[in-house]
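Below: the structure, in structure tokens.
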Amino acid sequence: MTMSGVDPGRVRLGAAFALSAAMGLTGITLALIAAPSPVHAPFTFPAVLLVPLYVLAFRYTLDFEIHKESHVFVLTAVPLTLGALVATPASHLVARLAGALIAVAWARQPPVKAAFNTAVAALEVGTVATAVSLVPASSKPSPALWLALLLGLLIVDVISNLAVSACLAFLGLPVTRRSVVQPLLVGIPATVVFLCFSVLAVTAAWIEPLTVLLVLVLCGGLTLAYRAHQRLTSQQHTTERLYEFARDLGPVNVLQPGALVVLDQVRELLHAERLLLSLASEAGWRHYAAVEGLPPGPALIDADQFATVMRAVDGDRPAGRRVSADQIVTPLLRSAGLVGILAATRRMGGARDFDLGDVRLLETLGSELATALERGRLLADLERAATTDPLTGLPNLLETTDRLDELIAASPEGILLAAVAVDSFREVNDTLGHQVGDDLLLEVTRRLRLTTADALVGRIGGGRFAVAVRADRHGSGAEMFGLGLRAQVEGGAQIGVVGTHVRLSVGCVTGPEHGSDAATLIRRAETAMYSARHVNGGPVLWEPAYEVKGQRRLAVVTALREALSSGAIGLAYQPKLDLASGNITGVEALARWTHPALGAIRPDEFVPLAEASGLMGPLTTTVLRQALTACKGWQRRAAKVGVAVNVSADTILDPAFVTEVAAVLTAVGVSPDLLTLELTEGVVVNDAALAVERLGELRALGVKISVDDFGTGYSSLTYLKGLPVDEVKIDKGFIDGLSVEPADQAVVRAVVDIAHTLGLKVVAEGVEQEDQQAVLLHLGVDEVQGYLLARPMAALDMAVWLRRREASQLR
Ligand code: C2E
Ligand code: CA
Ligand code: CA
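Each residue of the sequence shown is one higher than the last, beginning at 17 in this note's numbering.
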């Protein structure tokens, strides 16, 4: 047979039982062979009376606090002395064992503990009887007898203490030198005191049996004094600890890790085995428990059990209740009413149940806790306000940055981040009011939240959002991720009574390739997003070149602001030719700017910057004035040559623009029908409702409207129907491949067909070659503009060019 099948726990228990058996048998043997007491009492004391004395001594212990540690003294030394002097060893043994058995049964001690205590009881009787039997016989207790008793009791003390340590070691519990020595240091003096008391009482009874009455009175008095002292010290102790608890109690937020230790402190203050905190929340009751020996935490509790607790609390007054001998509860009240319930179960130590004092203590602790919870909630609210965007409930820029850093740390495969701008947000806000603007953002938020459940969505500015996901959840890469977002969010949206079209500009980055920290990644995604505005929304993937551009952007915007106020922005003009008549019908004004340090800056670069930095208004104003002034200048010679001015989206949607155009026309003195405003197709289509209204107003002035870059946007040709426009300019992209690309021809032909049916003029821009022009003529295009006819030129050159042209035509 091998040892492998043997449970080590059983081996340990076996050792503990064996030790108990050895001690018990030794005790019994000693008691049986010991000679009877050497003194002959003048009275008879029935040994059976020792049984209740032993039980009482076990049941009513003396608790003292020494050096901040509590010590429990068992009074067995008293009946032991009495039994050794007045009973035969055998009857004493029987009485002692009976007392011990009743006591362990009463305390429902587990078998090991019961066996051990019973064995120690036998050993006590045997040892003390043996010690006493060694003293020569005498008629009354002598000092030699006292010493023998003392010796016997001390030996019992030492042996039982060592046996306890041995048993603990057998059971695998920790034993230290301190845990062995400390009880002896306190126990031995106590034994001496109890012995003195017992010998005194017995000796007095020897002389006069009735002194027993005096001894009883004395005992009663001492007990009362002890009780009073005990109550006082425990009260003082509780007050002290309550004070410390209240002093150290900060705001408590149960959702924060570690916050629940406070429950364990409350439980310890109440000497309860279990403490339950139930808190009312919008989602129902939530429970938290602290149980002796376990870390405090959220708890699931039985519905019936909770119903009992609920019934016990008085919902209006902060009054605690004793539900049963081992449960007390108190409501937690704030101004708003009942916010929670605190319940303590099973009082530990001191062998008593919960009393009124405990209920009062629970009430006090409850009200402290309610205040701490309230403060915790206020603090959490403040934190939320500091980290959350109040409109959408999304994390704000600060919080988004923090959470993105966390996401980066938790994503070994990297992350994808998209910065998203709602294109028409500012216009909607300015023209339809903030309420509609807010509702638009809420709708966009709702759609953005449809991204994967673990996506991070934050609002990083006015109409700007950030969406981040772990790269391994989107294997297809950042651009696909950006495209997916557009597909998910863009489209028609009904905002109250207003129907609008949501469009996004999306810039993307990947981490850690494009930056290791959240702040850098967000900044770069935004840079890419601004670029996306000019390429139909993107998505645009960030690249290092943008960083340089970013710095240049700043320099250009600053310089542009200066240039606009100092009048450094000039115009170039490029003529348009009517193919049928060979006449010059108008010229397009194109902004030109040469900066002393930065050199010539193309409108492709500074026009978008003017848009992004709010400089579009001043730019349009200067262009309009210069263009109309030049136009007036060449009217005297070349009659009926109009001027076309490019107008950006921001400008056309601004109601003040109509007034401005009218004012400039009047001030310069040019007939409105000589002015054409060129708008890119995107503007007209995206914000159709608004644009239509403005365009109608402008046309009412007599101004013509041209749809620029036609064919690059989304619109179908039929969309043109019903729009208040006069001409379409087919984008250069279709003209470039015209002579070789049949598809481009088809597009141009279709545009011409539809435009002519709608009564619109068709212009082709960017015409560079003769054969292109020939095809255009063949396809029925009305006018051409491009390098073939003339490059854009300065105002004076334009005037000369027009004069020469007129002259050659006349010849
Ligand atoms: P756009 O309105 O499509 O203007 C036509 C652009 O094509 C001009 O570039 C012009 O110089 C160029 N171009 C004309 N013919 C040819 C050709 O045969 N071949 C080639 N390769 N290019 C040709 P520019 O002047 O650099 O202007 C670029 C864009 O900047 C314009 O495109 C327009 O959208 C914008 N822009 C220019 N001036 C203004 C302005 O005053 N206000 C506004 N809002 N935008 C402006
Ligand atoms: Ca144009
Ligand atoms: Ca164009």
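Backbone N, C-alpha and C define an ideal beta-carbon position, used for all residues, glycine too.
Fill in: Proximity winner among Gln251, Thr249, Gln281, relative to Asp264 (alpha-carbon distances)
Gln281
Discussion item. Could you compute how far the alpha carbon of Lys720 sits from the alpha carbon of Gln761?
Written reply: 27 angstroms
Discussion item. Using a strict less-than 7 angstroms threshold between each residue's beta carbon and the heavy atoms of ligand 3, what residues do you get?
Written reply: Asp724, Asp725, Lys745, Asp747, Lys748, Glu781
Worksheet item: Under the three-state reduction of DSSP, which class applies to Gln510: helix, strand or coil?
Response: strand
Worksheet item: Is the beta carbon of Gly718 less than 8 angstroms from the beta carbon of Pro688?
Response: yes
Fill in: Host alpha helix (DSSP H) of Pro95 (start-end)
93-102
Practice prompt. Taking only the alpha-carbon atoms, compute the straight-line gap between Leu795 and Asp594 and give it to the nearest angstrom.
Written response: 14 angstroms
Discussion item. Using a Cβ distance threshold of 8 angstroms, determine whether the segment 560-574 contacts the segment 434-451, with at least three qualifying pairs required.
Written reply: no
Discussion item. Is it the case that the segment 643-662 contacts the segment 600-612, given that we only count it when at least three CB pairs across the two stretches are under 8 angstroms?
Written reply: yes
Worksheet item: Can you tell which of Val452, Val518, Pro619, Thr526 has its C-alpha closest to the C-alpha of Arg486?
Response: Thr526
Discussion item. Distance check for Arg569 and Thr467, CA to CA, integer angstroms please.
Written reply: 33 angstroms
Practice prompt. Locate the alpha helix (DSSP H) running through Pro199, then write down its first and last residues.
Written response: 193-223
Worksheet item: Taking buried to mean at least 16 other C-beta atoms within 10 Å of its own C-beta, is Phe673 buried or exposed?
Response: buried
Discussion item. Among Ile44, Pro95, Asp397, Asp454, whose alpha-carbon lies nearest the alpha-carbon of Phe74?
Written reply: Pro95
Item to complete: Report yes if the CB atom of Leu295 is closer than 8 angstroms to the CB atom of Gly356, and no otherwise.
Response: yes
Discussion item. Pairs of beta-carbons, one from the segment 330-349 and one from the segment 256-263, closer than 8 angstroms: are there three or more?
Written reply: no
Worksheet item: Opposite Glu743 in the DSSP bridges: which residues?
Response: Ser722, Lys777
Worksheet entry | Residue from Arg393, Ala47, Val151, Ile204 whose Cα sits closest to the Cα of Val90 | Ile204
Practice prompt. Compute every distance between the C-beta of Asn662 and the non-hydrogen atoms of ligand 2, then say whether any falls below 7 angstroms.
Written response: yes
Discussion item. I want to check one thing, is the minimum distance from the CB of Leu606 to the heavy atoms of ligand 1 below 7 angstroms?
Written reply: yes
Discussion item. Let me confirm a value: Phe59 is counted as buried when at least 16 other C-beta atoms fall within 10 Å, else exposed. Which label applies?
Written reply: exposed
Item to complete: Assign Ser20 to one of two classes, buried (16 or more other C-beta atoms within 10 Å of its C-beta) or exposed (fewer than that).
Response: Note that Ser20 scores 46 on pLDDT, short of 50, meaning its location in the model is unreliable; the coordinates nonetheless yield the value given after this. The residue in question, Ser20, is exposed, as its Cβ has fewer than 16 Cβ neighbours within 10 Å.
Practice prompt. Under the assumption that Leu109 contacts Ala47 (Cβ atoms under 8 angstroms), give the Cβ distance between them as a whole number of angstroms.
Written response: 4 angstroms
Fill in: His611, enclosing beta strand (DSSP E) - first and last residue
600-611
Worksheet item: Is it a yes or a no for the segment 360-377 touching the segment 400-415, going by three-plus beta-carbon pairs under 8 angstroms?
Response: no
Practice prompt. Could you give the DSSP three-state label for Gly21: helix, strand or coil?
Written response: Here the model assigns Gly21 a pLDDT of 48, short of 50, so the residue's position is not dependable, and the following value carries that caveat. Here Gly21 sits in coil by DSSP.
Worksheet item: Is the beta carbon of Glu697 sitting closer than 8 angstroms to the one on Thr728?
Response: yes
Worksheet item: Expressed to the nearest angstrom, what Euclidean distance is found between the alpha-carbon atoms of Ala771 and Ser597?
Response: 19 angstroms
Item to complete: Give the secondary structure of Leu226 by DSSP, where H, G and I count as helix, E and B as strand, and everything else as coil.
Response: coil
Practice prompt. Would you kindly work out how many angstroms separate the C-alpha atoms of Thr324 and Ala306, rounded to a whole number?
Written response: 19 angstroms
Worksheet item: Counting along the chain, where does the beta strand (DSSP E) carrying Thr361 start and finish?
Response: 353-363
Worksheet item: Exposed or buried, what is Arg807 when buried is set at 16 or more other beta-carbons lying within 10 Å of its beta-carbon?
Response: exposed
Worksheet item: Can you tell me whether Trp650 is buried or exposed, with buried defined as 16 or more other CB within 10 angstroms of its CB?
Response: buried
Fill in: Residue interval of the alpha helix (DSSP H) (run including Pro68)
66-75
Worksheet entry | Candidates Arg489, Asp374, Asp454, Thr543, of which the one nearest Val436 by Cα | Thr543
Practice prompt. Let me know the secondary structure DSSP gives Leu276 once reduced to three states.
Written response: coil
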